[in-house]
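Have a look at the structure below before the remarks.
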Amino acid sequence: MKKHSRIVLPLTLLLGLMLACRLGRGGEATPTELPSGDEEITQPTAAITEDELPTAEVATGEDEDLSLASITEGLDGLASYVSHISIRYSGETDDGATEEALEMDVEFVRDPHAERVTVRTAESDGAVEFIQIGDRQYFVLGEDQCMSSSVGDEEAFSAGIPSPDEMFGGLSGAHRVLPDETVNGVLAQHYTFDKAALENASDVTWAEGEAWVAVDGGYVVRFAMRAEGKEPTTGHEGQYEIVYDLEQVNAPLDIQAPAGCDSAALEFPTMPDATDIASMGEMLMYNTSSSLDEVLAFYQEQMTAAGWTSTGEPFISEDTAMLTFSKEETTATITLTVEDRKVSVIIMSE
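Residues in the sequence shown are numbered consecutively from 881, following my numbering.
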């Protein structure tokens, strides 16, 4: 059995941002509200203007400047958090003008490790979720499509989603603004910046933004930027609005596996040396280094012990075998195939 293909979402907006910008990694301010799972993403409705950003008192002195290697700087010191990225784009394409939008939430718990990444685009009907709990990972698409596998045996399901560090480059020379502010419940130092502070931003023609960095911990609490520039591969002009928020810092978070996603993995036995375990709906797949005869004997014994009844004559050849079992109103088909000195096991029930 081949490992699952890398799941890459058609997030042209994100790809465009990474290619064109490599932008910044970096009173109570109003926190950005995290959208619900079924909330519709709204499209940008107005062009970006340079005079829309607020004005504030700028501190002077080199020690008041800020440089960030990454927008996620400081997160390694947090036990848990929720981050939210909102991106709006309006500009040109080969087919004319376009407006695009993307929302991405990350819920993270360090110990024991659990993480959920939720992605929504204006073009999609619902959210896509990537969940990891311990050594198990899940990919959820809509209400009735779910896949799970062991972490380490397979490439991470979320490998096709760029991280914030991949979306944003470096930031240097941002200017301190007084006074400090409480943002998302955290006392933070306020900074402003323009295009000159952006690293690797040769395709950006104009940019202004703000960043709020926690006084205690040095992590980015909020990052907001508006920019104009060209997508280098096409030369198309575009305008961007980006907001990053960090919330629920070190708060208790409960990240659960999606209900029913591991139903096949829990229902059927697997060989003790099983690797590359993956399940999707009522299908279970994995590899084993045991011989074909050993796997055949295992399922003939274990399925009977679990209350399944063999139906029909098994098909057995030199490198392939198929077994069929029934239990109440359920039929299970077990297909064994020898590949690269391993046995690929696929179990389907209906």
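All C-beta atoms, glycine included, are put in the ideal place defined by N, C-alpha and C. Computed from a predicted model, the values in this text were never measured in an experiment.
- Comparing alpha-carbon positions, the option among E1061, A1139 and S1224 lying closest to T1155 turns out to be S1224.
- As summarised for the region 1099-1167, the continuous alpha helix (DSSP H) elements at least 4 residues long and confined to that stretch are 1143-1147, given in chain order.
- Rounded to the nearest whole angstrom, the CA to CA distance from A1104 to Q1136 is 31 angstroms.
- Looking at the DSSP output, A977 bridges to E972.
- Ranked by how close their Cα comes to the Cα of E1088, the residues A1212, T1210 and D1074 have D1074 in first place.
- Proximity to E1174 across S1004, A1212 and L1216 peaks at L1216, based on C-alpha coordinates.
- Taking C-beta separations shorter than 7 angstroms and ignoring five residues to either side along the sequence, the partners of G1014 in its chain run P992 and H993, following chain order.
- One thing to note: Y1099 has its Cβ within 9 angstroms of the Cβ of L1126.
- When Cβ pairs closer than 8 angstroms are counted between the two stretches, the region 998-1014 is seen not to touch the region 1114-1134, the count staying below three.
- Here the alpha carbon of S950 sits roughly 29 angstroms from the alpha carbon of V1020.
- At a cut-off of 3 residues, the continuous stretches assigned as beta strand (DSSP E) that sit fully inside the region 982-1025 are 994-1001, 1008-1013 and 1016-1021.
- Under the three-state reduction of DSSP output, V1095 falls in the coil class, being neither helix nor strand.
- Around the beta carbon of S1169, a 10 Å sphere encloses fewer than 16 other beta carbons of the protein chains shown; the residue is thus reported as exposed.
- H1116 sits away from T1001, with the two beta carbons spaced by 9 angstroms or more.
- Ranking N1130, A1077 and Y969 by CA distance to the CA of E1003 puts Y969 first.
- Across the set D1083, D1060 and G957, the C-alpha of D1060 shows the shortest separation from the C-alpha of T1072.
- Under the three-state reduction of DSSP, T1217 is assigned to strand.
- Within its own chain, the residues whose Cβ lies closer than 6 angstroms to the Cβ of I965, once the five positions on either side in sequence are excluded, are M984 and Y1124, listed in chain order.
- When secondary structure is reduced to three states using DSSP, G1089 falls in the strand class.
- Assignment of beta-bridge partners to S1190 by DSSP yields F1205.
- As a beta-bridge residue in DSSP terms, E1061 pairs with A1068.
- For K1222 and A1186, the gap between their C-alpha atoms comes out near 25 angstroms.
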